[in-house]
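Remarks on the structure that follows.
Number of protein chains: 2
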Amino acid sequence: MKPLIHDLLNNPLSGQQIEDRSFAIIDQETPAHAFTPEQWPVVRRMVHTTADFSLLDMVRFSSDAIEAACRALRSGAPIYADSNMIRSGLSQARLKKVCPTYQPESILCHVADSDIAAIARQKALPRSLFAVRKAANKLHGGIAVFGNAPVALLELNRMIQETGLRPALVIGMPVGFVHVVESKQELMEMGVPYITIEGRRGGSPLAVSVIHALCELALADSDKD
Amino acid sequence: MKPLIHDLLNNPLSGQQIEDRSFAIIDQETPAHAFTPEQWPVVRRMVHTTADFSLLDMVRFSSDAIEAACRALRSGAPIYADSNMIRSGLSQARLKKVCPTYQPESILCHVADSDIAAIARQKALPRSLFAVRKAANKLHGGIAVFGNAPVALLELNRMIQETGLRPALVIGMPVGFVHVVESKQELMEMGVPYITIEGRRGGSPLAVSVIHALCELALADSDKD
Numbered sequence: 003m004k005p006l007i008h009d010l011l012n013n014p015l016s017g018q019q020i021e022d023r024s025f026a027i028i029d030q031e032t033p034a035h036a037f038t039p040e041q042w043p044v045v046r047r048m049v050h051t052t053a054d055f056s057l058l059d060m061v062r063f064s065s066d067a068i069e070a071a072c073r074a075l076r077s078g079a080p081i082y083a084d085s086n087m088i089r090s091g092l093s094q095a096r097l098k099k100v101c102p103t104y105q106p107e108s109i110l111c112h113v114a115d116s117d118i119a120a121i122a123r124q125k126a127l128p129r130s131l132f133a134v135r136k137a138a139n140k141l142h143g144g145i146a147v148f149g150n151a152p153v154a155l156l157e158l159n160r161m162i163q164e165t166g167l168r169p170a171l172v173i174g175m176p177v178g179f180v181h182v183v184e185s186k187q188e189l190m191e192m193g194v195p196y197i198t199i200e201g202r203r204g205g206s207p208l209a210v211s212v213i214h215a216l217c218e219l220a221l222a223d224s225d226k227d
Numbered sequence: 003m004k005p006l007i008h009d010l011l012n013n014p015l016s017g018q019q020i021e022d023r024s025f026a027i028i029d030q031e032t033p034a035h036a037f038t039p040e041q042w043p044v045v046r047r048m049v050h051t052t053a054d055f056s057l058l059d060m061v062r063f064s065s066d067a068i069e070a071a072c073r074a075l076r077s078g079a080p081i082y083a084d085s086n087m088i089r090s091g092l093s094q095a096r097l098k099k100v101c102p103t104y105q106p107e108s109i110l111c112h113v114a115d116s117d118i119a120a121i122a123r124q125k126a127l128p129r130s131l132f133a134v135r136k137a138a139n140k141l142h143g144g145i146a147v148f149g150n151a152p153v154a155l156l157e158l159n160r161m162i163q164e165t166g167l168r169p170a171l172v173i174g175m176p177v178g179f180v181h182v183v184e185s186k187q188e189l190m191e192m193g194v195p196y197i198t199i200e201g202r203r204g205g206s207p208l209a210v211s212v213i214h215a216l217c218e219l220a221l222a223d224s225d226k227d
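Residue numbers (this note's numbering), protein chains in the order written: chain A, 3 to 227; chain B, 3 to 227.
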């Protein structure tokens, strides 16, 4: 067997060098696409997170998404996540670089709350629906991040339409086979800033990678001020 | 706009119904494949987690993987995860169904430990390398789960080869462009039970879905006793 590991330890790369080399490979292998210079760093980080170039055909931005995202992140807008995996994947350090007063409590996820479990059991509906409803106040002007539960996105869409709720940005990337395609189609018609993946694909790491890419854009943007 | 959300609330599906319907769609759309009846539930849950049938061409099992996994889970073997996203995605309830004495402390992840950050900075090497090294004692007979860091998998491979470390099972699903392909190729030559994804693809939700599918297999298996 080729002793690869010895090669690693004799010719070590730091985390930063691995990331730089990864992005160089992505740039080399990326086919032609129609993303704007502001959108591309977001899609590029999604490819970095999944090693899947097929996403290039599926990612969709509202025209105001990047600007709205930078504004929200710089103002320290609360983030509602549909899964605790997203909450644990989000880098507090990156959020704090963009908004130095950002607090861990500003990242919310109610899906594991005991009151949510109780009402979901009682109504025989998914917990994610009641979890996002519980966050309604924070979501007005906040950032909604979905990498898991299409039902949460459908419920957010309902609140936007029926209650006038206006999130600063919706990252709509639930994944799966039931309610998923419709939840994203509906999101794109809501008139709020969004970033989404058309079709069935999605996931928590993708949603996290979008926030992290947006943090870099927000930071680069403030450097220009 | 078609009011999809009202349709959801008027014709609600519970979480369990959504999952059942999802698996029915997967079964309907799955092309012919060569997985054994024991392996298939694992791959099926990976497809459920990603909505991506292209994984069918990439998932690899050692011949002893399922049996070794069931034995380890039923004995409450510790789990080392390479990311906190995995730790937060793993269902304590599922693990406890298989092994009633399972404790939250049996799921380990050292990547965010302060001693690990310090030594990684000092040596200019990735934190994931020192994190998995710190877990060596628990990994002998434990379950190693990688959904992120190929360097952690390379370091585990080194420990297997050089120190005689023997994990009960390695779920090797790091993702990305640098060290990833080699880390998995090497794993498949180590002589330990493994489940992996050949190539660049992988991710924390995939690694979590494999553990959850294995819990179901371990449970079904004990029912037969």
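Note that CB positions come from ideal geometry on N, CA and C, so glycine has one too.
Q) Of all the alpha helix (DSSP H) runs that stay within the bounds of the region 132 to 158 of chain A, which reach a length of 4 or more residues? A) Correct list: 138 to 141.
Q. What did DSSP end up calling ARG62 (chain A) once you bin it into helix, strand or coil?
A. DSSP, reduced to helix, strand and coil, places ARG62 (chain A) within a strand of the structure shown.
Q. Three or more C-beta pairs closer than 8 angstroms, one from the region 170 to 190 of chain B and one from the region 198 to 212 of chain B: is that the case here?
A. Result yes; three or more Cβ-Cβ pairs closer than 8 angstroms.
Q: Look at the alpha carbon of HIS142 (chain B) and the alpha carbon of MET48 (chain B), and state the distance between them as a whole number of angstroms.
A: One C-alpha to the other measures close to 26 angstroms.
Q. Going along the region 169 to 197 of chain B in order, which residues come within less than 9 angstroms of chain A, judged by CB to CB distance?
A. Cβ proximity to chain A below 9 angstroms picks out VAL177, GLY178, PHE179, VAL180, HIS181, VAL182, GLU184, SER185, GLN187, GLU188, GLU191, MET192 from the region 169 to 197 of chain B.
Q. Leaving out five residues before and five after PHE37 (chain B) in sequence, what residues of the same chain have Cβ atoms less than 6 angstroms from its Cβ?
A. Result list for PHE37 (chain B): VAL45, in chain order.
**Q.** Pair within 8 angstroms by beta-carbon distance, ASN237 (chain A) and SER85 (chain A)
**A.** Here chain A covers residues 3 to 227 and nothing more, so residue 237 (chain A) does not appear.
Q.
Please report the distance separating the alpha-carbon of LEU15 (chain B) from that of LEU131 (chain A).
A. Spanning the two alpha carbons is a distance of roughly 11 angstroms.
Q: Would you mind sorting LYS125 (chain B) into buried or exposed? The rule is 16 or more other CB atoms within 10 Å of its CB.
A: Answer is exposed; the Cβ neighbour count stays below 16.
Q) Among all the DSSP beta bridges, which residues are the ones paired with ALA83 (chain B)? A) Checking the DSSP bridge columns, you'll see ALA83 (chain B) partnered with B:VAL147.
Q) On the three-state DSSP scale, how would you describe GLY91 (chain A)? A) Note: GLY91 (chain A) maps to helix in three-state DSSP.
Q. How about GLY166 (chain B) and ILE81 (chain B): are their beta carbons less than 8 angstroms apart?
A. No, they are not a contact pair.
Q) Does the beta carbon of SER64 (chain B) sit closer than 8 angstroms to a beta carbon anywhere in chain A? A) Chain A, which has no Cβ nearer than 8 angstroms to the Cβ of SER64 (chain B), makes this no.
Q) Hey, how far is the Cα of ARG96 (chain B) from the Cα of GLN30 (chain A)? A) Roughly 43 angstroms separates the two Cα atoms.
Q: Compute the distance between the beta-carbons of ILE109 (chain A) and SER206 (chain A), then report whether it is under 8 angstroms.
A: Cβ distance not < 8 angstroms, so ILE109 (chain A) and SER206 (chain A) don't count as in contact.
Q) Quick one: is PRO102 (chain B) buried, meaning 16 or more other Cβ sit within 10 Å of its Cβ, or exposed? A) PRO102 (chain B) should be labelled exposed.
Q: Could you check what DSSP says for LEU167 (chain B) in three-state terms: helix, strand or coil?
A: If DSSP states are grouped into helix, strand and coil, LEU167 (chain B) belongs with coil.
Q: Would you mind working out which of A:VAL134, A:ALA138, A:VAL210, A:GLU157 sits nearest CYS173 (chain A), comparing C-alpha positions?
A: Looking at the sequence provided, one finds Ile at residue 173 (chain A) rather than Cys. It is A:VAL210.
Q: Would you mind telling me which residues of chain B sit closer than 7 angstroms to ASP54 (chain A), beta carbon to beta carbon, in chain order?
A: By Cβ distance, chain B contributes ARG203.
**Q.** Bounding residues of the alpha helix (DSSP H) (the contiguous stretch that carries THR103 (chain A))
**A.** THR103 (chain A) -> no alpha helix (DSSP H), and no H or E assigned at all.
Q: Measure from the C-beta of ASN86 (chain A) to each C-beta in chain B and report whether the shortest distance is under 8 angstroms.
A: It does: the Cβ of ASN86 (chain A) has a partner Cβ on chain B nearer than 8 angstroms.
Q | Cutoff 8 angstroms; reference LYS140 (chain B); Cβ partners in own chain excluding five residues on either side | A | Same-chain partners within the cutoff: PRO80, TYR82, LEU110.
Q: Would you verify that the beta carbon of ARG135 (chain A) is, or is not, closer than 8 angstroms to some beta carbon of chain B?
A: ARG135 (chain A) does not count as touching chain B.
Q. Which residues, taken in chain order from the region 87 to 102 of chain B, show a beta carbon closer than 9 angstroms to some beta carbon of chain A?
A. Near chain A, meaning a CB-to-CB distance below 9 angstroms, the residues of the region 87 to 102 of chain B are MET87, ILE88, ARG89, SER90, GLY91.
(Q) For ALA138 (chain B), would you say it is in contact with chain A, using Cβ-to-Cβ distances shorter than 8 angstroms as the test? (A) It does not; no Cβ of chain A falls within 8 angstroms.
Q | Contacting residues, own chain, Cβ-Cβ under 6 angstroms from LYS136 (chain B) (five flanking each side not counted) | A | Excluding positions up to five away in sequence, the list reads HIS112.
Q. DSSP on THR198 (chain B), reduced to helix/strand/coil?
A. Secondary structure of THR198 (chain B) (DSSP, three-state): strand.
Q: Using a Cβ-Cβ cut-off of less than 8 angstroms, give me the residues of the region 25 to 38 of chain B that come near chain A, in sequence order.
A: The residues in question are ILE27, ILE28.
Q | Minimum C-alpha distance to GLN18 (chain A) - residue among B:PRO128, B:PHE55, B:LEU216 | A | Comparing Cα-Cα distances from GLN18 (chain A) to each of B:PRO128, B:PHE55, B:LEU216, the minimum goes to B:PRO128.
Q) To which residues of the same chain is SER77 (chain A) closer than 8 angstroms at the C-beta, ignoring the five residues directly before and after it? A) Excluding positions up to five away in sequence, the list reads CYS101.
Q. To which residues of the same chain is MET60 (chain B) closer than 8 angstroms at the C-beta, ignoring the five residues directly before and after it?
A. The residues ILE199, GLU200, GLY201, ARG203, in chain order, have a CB closer than 8 angstroms to that of MET60 (chain B) in the same chain once the five nearest residues on each side in sequence are set aside.
Q) Near PRO43 (chain A), what residues of its chain come up, given a Cβ to Cβ distance below 7 angstroms and the 5 sequence neighbours on each side ignored? A) A distance below 7 angstroms between beta-carbons, with the five flanking residues on each side excluded, links PRO43 (chain A) to the following residues of its chain, in chain order: ALA215, GLU218, LEU219.
Q: Give the single residue among B:GLU157, B:ARG73, B:VAL183, B:SER65 whose Cα lies nearest to the Cα of ASN12 (chain A).
A: The shortest C-alpha to C-alpha distance from ASN12 (chain A) to any of B:GLU157, B:ARG73, B:VAL183, B:SER65 is the one to B:GLU157.
**Q.** Distance CB(VAL180 (chain B))-CB(ILE28 (chain A)) smaller than 8 angstroms
**A.** Not in contact: VAL180 (chain B) and ILE28 (chain A) (Cβ atoms no closer than 8 angstroms).
Q. Which partner residues does GLY205 (chain B) have in the DSSP bridge list?
A. GLY205 (chain B) pairs with nothing; no bridge assigned.
Q: Taking only the alpha-carbon atoms, compute the straight-line gap between ALA138 (chain A) and ALA170 (chain A) and give it to the nearest angstrom.
A: Taken atom to atom, the span from the alpha-carbon of ALA138 (chain A) to that of ALA170 (chain A) is near 13 angstroms.
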